[in-house]
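Those letters in the sequence shown? Residues 104 to 769, by my numbering. Here a beta-carbon is modelled for each residue, glycine too, at the ideal position from N, C-alpha and C. In this text, all values refer to a predicted model and were calculated from it rather than measured experimentally. Inspection log for the structure reproduced underneath, given as structure tokens.
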Amino acid sequence: MKTLCGTLSHSLVPNLLLALLHWIIQCCRGPGLALVIMMSTLPVASLANTTAKPIKFEYVFDIGGEPGFAIIQDRDGFLWFSSFYNGMLRFDGSSKWMIREGPAGISSDFVTQLFEDRDGTIWAGTNYGLNRYNKRTNTISRFLKDPTRPESSLAGNVFNLSSRTIIQDRRGYLWFGTQSGLSRYDSEAGRFKNYQHDPADPYSLSDNDIFGLFEDGRGFIWVATKNHGVNRFDPATGRFTRFAHDPDDPASLPNNAIQSVVQDREGHLWFATREAGLIRRDRDSGRFKHFEHDPDDPASLPRMSIWDLVLLNSGEIALISDSSAVGLVLFEPKTGTHRQYRQKPGDPFSLSTDTVHGIFEDRDGTLWIMHNNGKVDKADPRGRKFTLYRHNPLDARSLASDAAVPVYQDRHGRIWVGHFGSGLDRYNPDTDDFTNYKPDSKDPTSLPHGYPAGFFETHRGEFIVSTAAGMVYFDPFKGVVTEKITDDTWFYTIIADTEDPDVIWAVGWEQSLNRFNLRTRERRVFRHDPQDPDSFAAVTAVRFIRDREDADIFWIATWGGGLEKFDRRREAFTHHQHDPDDPQSISSNTVYDVMEDSRGNLWVSTDKGLNQFDKLTGKFKRFDKSVGFDAKIVHNILEDRSGRLWMGTNIGLVTFDIDRQRVVKV
């Protein structure tokens with residue numbers, strides 16, 4: 104088979120994961136996770152209707168070339184996209200693989216239809232024939248109209264520019280709508296039966312030019328035609344009932360150019376038209392109702408030529424208009440209202456374009472939106488995912504930069520975000536935007552240059568910011584530096600002393616363990632001494648916590664020295680380091696985080712996985728692929744209110760069920 108393989112240079116979710124790791128895991132423990140989840144309800148997309156609930160759209164990849172209209176998901180979870188001039192494309196979440204025209208490939212690169220039958224076979228309709236792709240054998244079979252056997256071969260070779268003219272009915276028959284009629288295919292017998300317009304037969308198909316097929320809840324097949332309305336086929340009688348526009352009947356079909364048919368949860372049928380908006384056929388009365396643009400009614404549908412309809416799990420109907428730049432329109436059948444989502448320049452969470460070619464909802468409820476320029480977006484309309492905040496150069500109130508680390512929530516509930524080279528942001532929840540405080544060498548009250556690495560609030564309410572150019576007092580109300588504490592830099596974690604409220608403890612980059620007296624400015628440093636095995640085990644420490652049962656015990660994550668236990672009373676260190684001969688030792692001496700969960704378990708993240716530490720025995724338990732833990736590097740750990748662990752890893756965000764001792768899906 105002639106194939107083209109290509110890998111995408113970007114993953115589906117790198118920016119999302121980056122934001123999650125910085126917003127969730129660098130946040131203070133406890134409320135940090137709840138904050139990010141709550142933020143998923145904030146406005147993040149450009150809405151044409153201000154009452155519409157927000158949806159965050161994420162650009163995923165570019166198909167390359169002009170896309171078709173069809174998107175499907177096969178039983179293996181792969182997504183397939185039709186393309187004009189580039190064949191059919193399979194997407195596995197990170198890479199794409201194309202099946203092209205060729206001697207052993209498909210009959211044409213101009214693919215308009217895609218469908219997977221109940222056997223897992225993929226069917227592709229093109230502008231030159233029908234193709235059957237067997238995934239197991241990786242082979243393709245072609246079906247073309249045979250002039251010598253017009254009754255037993257495919258009715259026509261050309262499939263229209265629509266998304267759904269291949270279906271499988273409840274009896275297992277496959278139906279193919281072409282520009283030359285309708286074909287029913289019996290897979291077991293390998294035979295076609297064709298249905299075409301007969302001017303002498305009023306029960307025949309009204310038009311051979313077919314744009315849509317649909318089987319309703321009663322087993323009738325609905326056939327949408329280009330210019331002669333819609334037909335209802337009764338398999339029991341083999342007859343078609345025609346529905347067409349009657350100028351003398353206002354309750355008849357308003358327009359004969361029908362593109363697509365779907366049925367809502369109430370049993371009403373909906374028809375897309377190229378020229379007359381949306382049409383509903385009442386389940387009980389069989390009468391038609393018309394929904395179209397009304398320039399005097401701002402709540403009416405936008406002016407659009409509707410090419411396709413997709414019924415979503417929410418019950419809404421997605422309206423697709425390839426020739427009208429109206430964005431994504433979601434119609435609510437029960438109320439007759441709609442939501443409209445448009446592209447907004449400078450907003451990374453809006454649609455890539457306003458011209459949508461195709462929409463598909465996968466088994467997880469994610470919407471995939473294919474645009475006329477080949478770009479593919481995805482979105483979760485339920486809003487259950489996290490909100491990503493990014494820098495927008497056109498918006499001064501957006502995040503100062505995308506390099507956002509760390510994040511801190513103060514006792515007043517304010518969120519502070521540090522940036523590499525862009526100072527400090529304060530998040531404003533009421534307006535869902537940010538206020539930025541940038542370093543200014545000409546202003547002594549501005550933050551020092553270098554990114555903020557750590558935050559702390561004293562018992563008096565003073566706000567301390569540790570930066571790459573020193574530790575300072577920062578007035579959060581005025582947004583100015585009031586005093587410098589030390590020129591030393593890169594203190595990542597700061598905690599209070601339990602006996603003296605003016606004393607703080609801090610660890611950082613090449614700073615070991617420090618004790619500061621903020622009142623007297625006295626400083627004590629517990630440094631690493633290679634000649635003294637009882638000294639601090641490493642030059643750099645990135646995080647430390649106080650033991651919940653004994654406030655005089657610190658647990659310290661170091662880079663190169665493993666996990667340190669510090670007894671403040673005795674000023675003594677106990678080293679817990681990797682021993683290649685001891686499987687119950689820590690998995691690596693490069694430790695990124697240490698946290699104690701609500702049950703008293705100590706969890707340690709390293710560049711070689713996750714460890715659980717037993718404080719009584721001094722033994723470590725390592726977690727690997729046997730419990731679903733595929734990550735090699737674990738950066739940070741957080742416990743949510745339900746008792747699950749959330750971890751930032753080299754493969755993304757991972758959640759861990761402590762009771763079951765297994766990784767669970769986010």
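Range of the contiguous beta strand (DSSP E) that encloses D397 = As a position in the sequence shown, residue 397 is number 294, starting the count at 1. For D397, no beta strand (DSSP E) run applies, since DSSP gives it neither H nor E.
Select from L404, R442, L502 the residue whose C-alpha is nearest the C-alpha of P451.
-> Start at 1 with the first residue of the sequence shown, and residue 451 comes out as number 348. Restricting attention to L404, R442, L502, the CA atom closest to the CA of P451 is found in L502.
Under three-state DSSP, which class holds V75?
-> Outside the shown range of the chain, which is 104 to 769, sits residue 75, and nothing can be said about it.
So L316 packs on I270, CB below 8 Å; how close in whole Å?
-> Start at 1 with the first residue of the sequence shown, and residue 316 comes out as number 213. Start at 1 with the first residue of the sequence shown, and residue 270 comes out as number 167. Yes, L316 and I270 are in contact; Cβ-Cβ is about 5 Å, under 8 Å.
V645 and A660 look like a contact to me (Cβ under 8 Å); what is the Cβ gap, rounded to whole Å?
-> Translated into positions along the sequence shown, residue 645 becomes position 542. Translated into positions along the sequence shown, residue 660 becomes position 557. Between the beta-carbon of V645 and that of A660 there is about 5 Å, and that keeps the pair under the 8 Å contact cut.
Considering only C-alpha positions, which residue in the set G521, I736, G746, S185 is nearest to H552?
-> Sequence index remark: in the sequence shown, residue 552 carries index 449 (1-based). In terms of CA proximity to H552, G521 leads the group G521, I736, G746, S185.
Complete runs of the beta strand (DSSP E) confined to the segment 333-399 [at least 3 residues] = Runs of the beta strand (DSSP E) inside the segment 333-399: 333-337, 342-346, 361-366, 372-376, 381-384, 391-394.
Per-residue DSSP class, three states only, for S417 | Here the question's residue 417 lines up with position 314 in the sequence shown. Note: S417 maps to coil in three-state DSSP.
How is S615 classed by DSSP in three states: helix, strand or coil?
-> Here residue 615 is taken as the residue at index 512 of the sequence shown, counted from 1. Strand at S615.
With DSSP run on the structure shown, which of helix, strand or coil describes V730?
-> Start at 1 with the first residue of the sequence shown, and residue 730 comes out as number 627. In the three-state DSSP reduction, V730 falls in the helix class (H, G or I).
What residues in its chain sit with their C-beta under 6 Å from that of S569, if we drop five residues either side in the sequence?
-> Taking the sequence shown and counting its residues from 1, the one referred to as residue 569 is at position 466. Cβ within range, chain order: A556, G557, F594.
Return the CA-CA distance between V694 and K478, expressed in angstroms with no decimal places.
-> If you number the sequence shown from 1, residue 694 lands on position 591. If you number the sequence shown from 1, residue 478 lands on position 375. One alpha carbon belongs to V694, the other to K478, and they sit about 41 Å apart.
In DSSP terms, what A482 is bridged to | Taking the first residue of the sequence shown as position 1, residue 482 is located at position 379. Residue pairing for A482: DSSP places it in a beta bridge opposite F160, L470.
Same chain, Cβ closer than 7 Å to G167, five either side skipped, listed in chain order | Residue 167 sits at position 64 when you count from the first residue of the sequence shown. Closer than 7 Å at Cβ, skipping near neighbours: N189, G477.
Looking at C-beta atoms only, is the number of pairs between the segment 737-744 and the segment 697-705 that lie closer than 8 Å three or more?
-> Note that the segment 737-744 touches the segment 697-705; at least 3 beta-carbon pairs, one per stretch, sit closer than 8 Å.
Is it buried or exposed for R649, if we count other Cβ within 10 angstroms and need 16 for buried?
-> Taking the sequence shown and counting its residues from 1, one reaches residue 649 at position 546. Taking every protein chain shown into account, the CB of R649 has 16 or more other CB atoms within 10 angstroms, so this residue is buried.
Residues near Q687 by beta carbon distance below 8 Å, same chain, minus five either side | Along the sequence shown, read from residue 1 onward, the residue named residue 687 stands at position 584. The answer, listed in chain order, is K722, F723, K724.
Write down every uninterrupted run of the beta strand (DSSP E) in the segment 218-306 whose length is 3 residues or greater and which is fully enclosed by it, in chain order.
-> If we require 3 residues or more, the beta strand (DSSP E) runs fully inside the segment 218-306 come out as 225-229, 233-237, 242-246, 269-271, 277-281, 284-289, 294-298.
Can you pull the DSSP bridge partners for Y595?
-> One-based indexing of the sequence shown puts residue 595 at position 492. Y595 pairs with nothing; no bridge assigned.
Residues near G370 by beta carbon distance below 7 Å, same chain, minus five either side = Taking the first residue of the sequence shown as position 1, residue 370 is located at position 267. Answer for G370: G320, R386, listed in chain order.
Could you give the DSSP three-state label for V697: helix, strand or coil?
-> On the sequence shown, position 594 is the one that residue 697 refers to. Residue state for V697 is assigned as strand, using DSSP reduced to three classes.
Hey, out of G573, D632, I689, whose CA is closest to A609's CA?
-> If you number the sequence shown from 1, residue 609 lands on position 506. Nearest C-alpha to A609: G573.
At what residues does the beta strand (DSSP E) containing I409 begin and finish?
-> Taking the sequence shown and counting its residues from 1, one reaches residue 409 at position 306. Careful: I409 lies outside any beta strand (DSSP E) and carries neither H nor E.
Rounded to whole angstroms, what's the CA-CA distance from I754 to D467? Just pull it up for me.
-> As a working mapping, residue 754 is identified with position 651 in the sequence shown. As a working mapping, residue 467 is identified with position 364 in the sequence shown. Spanning the two alpha carbons is a distance of roughly 20 Å.
Pair within 9 Å by beta-carbon distance, S290 and G275 = On the sequence shown, residue 290 is found 187 positions in, with the first residue counted as 1. On the sequence shown, residue 275 is found 172 positions in, with the first residue counted as 1. The answer is yes: Cβ separation under 9 Å.
Neighbourhood of Y288 by C-beta, 7 Å cutoff - its chain only, sequence neighbours within 5 removed | Position 185 of the sequence shown, counted from the start, is the residue given in the question as residue 288. Excluding residues up to 5 positions away in sequence, Y276, L277, F279, F295 lie with their Cβ nearer than 7 Å to the Cβ of Y288 in the same chain.
What's the call for R252, buried or exposed, on a 16-neighbour Cβ count within 10 Å?
-> Mapped onto the sequence shown, residue 252 falls at position 149. Result: exposed.
Label P484 either buried or exposed according to how many other C-beta atoms from any shown protein chain fall within 10 Å of its C-beta, with 16 as the threshold for buried.
-> In the sequence shown, residue 484 corresponds to position 381, counting from 1. Buried is the call here.
DSSP three-state assignment for R321, whether helix, strand or coil = Counting from 1 along the sequence shown, the entry for residue 321 is found at position 218. Coil.
Could you tell me which of G611, S615, D590, N620 sits nearest to P604, measuring between CA atoms?
-> On the sequence shown, position 501 is the one that residue 604 refers to. Distances from the alpha-carbon of P604 to those of G611, S615, D590, N620 put N620 closest.
Out of curiosity, what's the CA-to-CA distance linking S355 and A303?
-> Taking the first residue of the sequence shown as 1, we reach residue 355 at position 252. Taking the first residue of the sequence shown as 1, we reach residue 303 at position 200. Cα to Cα, the separation comes out at about 23 Å.
Nearest to E625 by CA position, among F639, I588, P636, T592, is which residue?
-> As a first step, residue 625 must be located in the sequence shown, where it is residue number 522. The residue among F639, I588, P636, T592 with its C-alpha nearest the C-alpha of E625 is I588.
What is the C-beta distance between F716 and L666, in whole angstroms, given that I count them as a contact (C-beta under 8 Å)?
-> Walking along the sequence shown from the start, residue 716 turns up at place 613. Walking along the sequence shown from the start, residue 666 turns up at place 563. Contact holds; Cβ gap of about 7 Å.
Straight-line CA distance for S210 to L233?
-> The residue labelled residue 210 in the question sits at position 107 within the sequence shown. The residue labelled residue 233 in the question sits at position 130 within the sequence shown. Note on geometry: alpha-carbon atoms of S210 and L233 lie some 7 Å from one another.
When the Cα of S729 is compared with those of D600, V767, R345, which residue comes out closest?
-> Here the question's residue 729 lines up with position 626 in the sequence shown. Nearest C-alpha to S729: V767.
Unbroken beta strand (DSSP E) run spanning N739, endpoints | Indexing the sequence shown from 1 puts residue 739 at position 636. Note, N739: beta strand (DSSP E), 737-742.
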